[in-house]
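> Using the numbering used here, the letters of the sequence shown map in sequence onto residues 29 to 318.
Where is the CB? At the ideal position from N, CA and C, for every residue including glycine.
Have a look at this one before I ask anything.
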Amino acid sequence: MVGLVSFGSGALLASGVWTAFPRRAAPEVKKDDTTTTQAGDDDLRKANENLTESLHACDRQLAELRARSGEPAPVASVAQPRAEEATGRTRSGRRGGGETTKEDWERMAQLGVVRVRIPCIRDTPWKPSERAVERLALAPDDVKTLEEAYAASNKRVEDQIKPLCAKVVGSADVAEKIGASACIDAIQGSARKTDAKGAKEALSRVAEVQAGKRNGAPGDDAAPIERLASVLATETTAFEADLAKRLGPDDAKRIANDPALCADRRVLRTSDEPVDLRGDDRGGRGRRGN
Numbered sequence: 029m030v031g032l033v034s035f036g037s038g039a040l041l042a043s044g045v046w047t048a049f050p051r052r053a054a055p056e057v058k059k060d061d062t063t064t065t066q067a068g069d070d071d072l073r074k075a076n077e078n079l080t081e082s083l084h085a086c087d088r089q090l091a092e093l094r095a096r097s098g099e100p101a102p103v104a105s106v107a108q109p110r111a112e113e114a115t116g117r118t119r120s121g122r123r124g125g126g127e128t129t130k131e132d133w134e135r136m137a138q139l140g141v142v143r144v145r146i147p148c149i150r151d152t153p154w155k156p157s158e159r160a161v162e163r164l165a166l167a168p169d170d171v172k173t174l175e176e177a178y179a180a181s182n183k184r185v186e187d188q189i190k191p192l193c194a195k196v197v198g199s200a201d202v203a204e205k206i207g208a209s210a211c212i213d214a215i216q217g218s219a220r221k222t223d224a225k226g227a228k229e230a231l232s233r234v235a236e237v238q239a240g241k242r243n244g245a246p247g248d249d250a251a252p253i254e255r256l257a258s259v260l261a262t263e264t265t266a267f268e269a270d271l272a273k274r275l276g277p278d279d280a281k282r283i284a285n286d287p288a289l290c291a292d293r294r295v296l297r298t299s300d301e302p303v304d305l306r307g308d309d310r311g312g313r314g315r316r317g318n
């Protein structure tokens, strides 16, 4: 804290100096001194720019020191909640990776909610960075296997979601144009609007299947929201199975659930009310989907 105060005082002093000693006006120049004066102005302008940049750097460092010392951070922007997805952490402070348990699915069934974590869907399938490769201890052939598994996952999800989306948005062309992620939003939004109660029951059924309390996937005549939830709920298992064909079941499970992988997180539900998916008494702090 002493360092923070000292640093802050230095930054404020620098700001005061900047205010107290504004840029001096250039002296009137004779016509034959134009070249010399222009050079002097350029030097002053560069000095001013350097000082301004230094003050901005001070501001950034002060913000970092405030964060480290536990002082309140500035008010978050609307887009800031996405930071939890970028870091892989949820609001509960736990890493976003990890296998969903039977107890998790049972809790979701009670709430009429389906929370999923699937390989991220991108126009170009995701490829691991060097850092991720090192963390996961992947050999070159393993990297290729992982990339192929992502490509297969993206295709599998899109092929199943887009026909469901077409029923909601009105045509296959529109579904193709907006893409899988927007289709998920469209299907969920339509279910909320047309039959929120029925959608909640459908989500409960999907969670019960995953918890082992109900048999069978939804049929072709099931509502789009139920079929969508089933597709997303089973995708991680399918992705893991693709990896297991070449890497073996143990490595496949380890890699598929590692937070270093790119993953899309979704919570399918029939309202925007916060839900507690952890099963404790601190309601209203459910994990956020992607």
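Considering Cα atoms alone, identify which of P191, T264, T298, R282 is closest to D292.
In the sequence shown, counting from the first residue as 1, residue 292 sits at position 264. The candidate whose alpha carbon is nearest that of D292 is T264.
> According to the neighbour-count rule (16 or more other Cβ atoms, all chains shown, within 10 Å of its Cβ), is Q216 buried or exposed?
Here residue 216 corresponds to residue number 188 of the sequence shown, with the count starting at 1. Buried, because 16 or more other Cβ atoms sit within 10 Å of the Cβ of Q216.
> How far does the alpha helix (DSSP H) with I283 in it reach, from first residue to last?
The residue labelled residue 283 in the question sits at position 255 within the sequence shown. Its alpha helix (DSSP H) spans residues 277-284.
> Excluding the 5 residues preceding and the 5 following S218 in the sequence, name in chain order all residues of the same chain whose CB lies nearer than 6 Å to its CB.
Counting from one through the sequence shown, the residue named residue 218 turns up at place 190. Closer than 6 Å at Cβ, skipping near neighbours: V196.
> Less than 7 Å between C-beta atoms, sequence neighbours within five positions excluded: which residues of the same chain meet that for T173?
What you label residue 173 is simply residue 145 of the sequence shown in a count that begins at 1. L271, R274, L275, listed in sequence order.
> Quick one: what does DSSP say A54 is sitting in, helix, strand or coil?
Reading the sequence shown from its first residue, position 26 is the one you call residue 54. Confidence at A54 is low in this model, with a pLDDT of 45, below 50, so the placement of that residue should be treated as unreliable; the coordinate-derived value is given next. Note: A54 maps to coil in three-state DSSP.
> Grab me the residues of A239's own chain with a C-beta within less than 7 Å of its C-beta, minus the 5 sequence neighbours each way, in chain order.
On the sequence shown, position 211 is the one that residue 239 refers to. Counting only Cβ-Cβ distances below 7 Å, and skipping sequence neighbours, we find K130, W133, E134, A137.
> Helix, strand or coil: which one does DSSP assign to D292?
As a working mapping, residue 292 is identified with position 264 in the sequence shown. Correct three-state label for D292: strand.
> I need the boundaries of the beta strand (DSSP E) containing R145, first residue and last residue.
To locate residue 145, count along the sequence shown from 1; it is residue 117. First-last of the beta strand (DSSP E) with R145: 142-147.
> With 16 other CB atoms within 10 Å as the buried threshold, where does K320 fall?
Only positions 29 to 318 of the chain appear in the structure, and residue 320 is not among them; the question remains open.
> What is the C-beta distance between P252 and L289, in whole angstroms, given that I count them as a contact (C-beta under 8 Å)?
As a working note, residue 252 is residue 224 in the sequence shown. As a working note, residue 289 is residue 261 in the sequence shown. With 8 Å as the limit, P252 and L289 do not qualify as a contact, their Cβ atoms being about 28 Å apart.
> Within the same chain, show all residues whose beta-carbon is closer than 7 Å to that of V171, passing over the 5 residues directly before and after it, in chain order.
For this step, residue 171 is matched to residue 143 along the sequence shown. If we look at V171 and ignore the five residues flanking it on each side, its Cβ neighbours are P156, V161.
> Out of G140, I149, L139, which one is the CA nearest neighbour of F267?
In the sequence shown, residue 267 corresponds to position 239, counting from 1. Per the Cα distances, I149.
> Please state if the CB of V144 and the CB of R294 are separated by a distance shorter than 8 Å.
As a working note, residue 294 is residue 266 in the sequence shown. As a working note, residue 144 is residue 116 in the sequence shown. For R294 and V144, yes; Cβs fall inside 8 Å.
> Might you give, ordered along the chain, the residues of its own chain that have their beta carbon closer than 7 Å to the beta carbon of V259, omitting 5 neighbours on each side?
On the sequence shown, residue 259 is found 231 positions in, with the first residue counted as 1. So the qualifying residues of the chain are V185, Q188, I189.
> A179: which of A257, W154, D248 sits nearest, CA to CA?
Residue numbering aside, residue 179 sits at position 151 when the sequence shown is read from its first letter. Minimum Cα distance to A179 is reached at W154.
> Is P147 near S181, with beta carbons less than 8 Å apart?
Taking the first residue of the sequence shown as position 1, residue 147 is located at position 119. Taking the first residue of the sequence shown as position 1, residue 181 is located at position 153. Yes, Cβ-Cβ distance for P147 and S181 is below 8 Å.
> Which same chain residues, not among the five before or five after E176, have their C-beta less than 8 Å away from its C-beta?
One-based indexing of the sequence shown puts residue 176 at position 148. Excluding sequence neighbours, E176 sits near D270.
> Less than 8 Å between C-beta atoms, sequence neighbours within five positions excluded: which residues of the same chain meet that for L256?
Walking along the sequence shown from the start, residue 256 turns up at place 228. Within the same chain, L256 has close Cβ partners I189, L192, I212, I215, Q216, L296.
> Quick one: Cα of A280 to Cα of D169, how far?
Translated into positions along the sequence shown, residue 280 becomes position 252. Translated into positions along the sequence shown, residue 169 becomes position 141. Looking at the two C-alpha atoms, the distance is approximately 14 Å.
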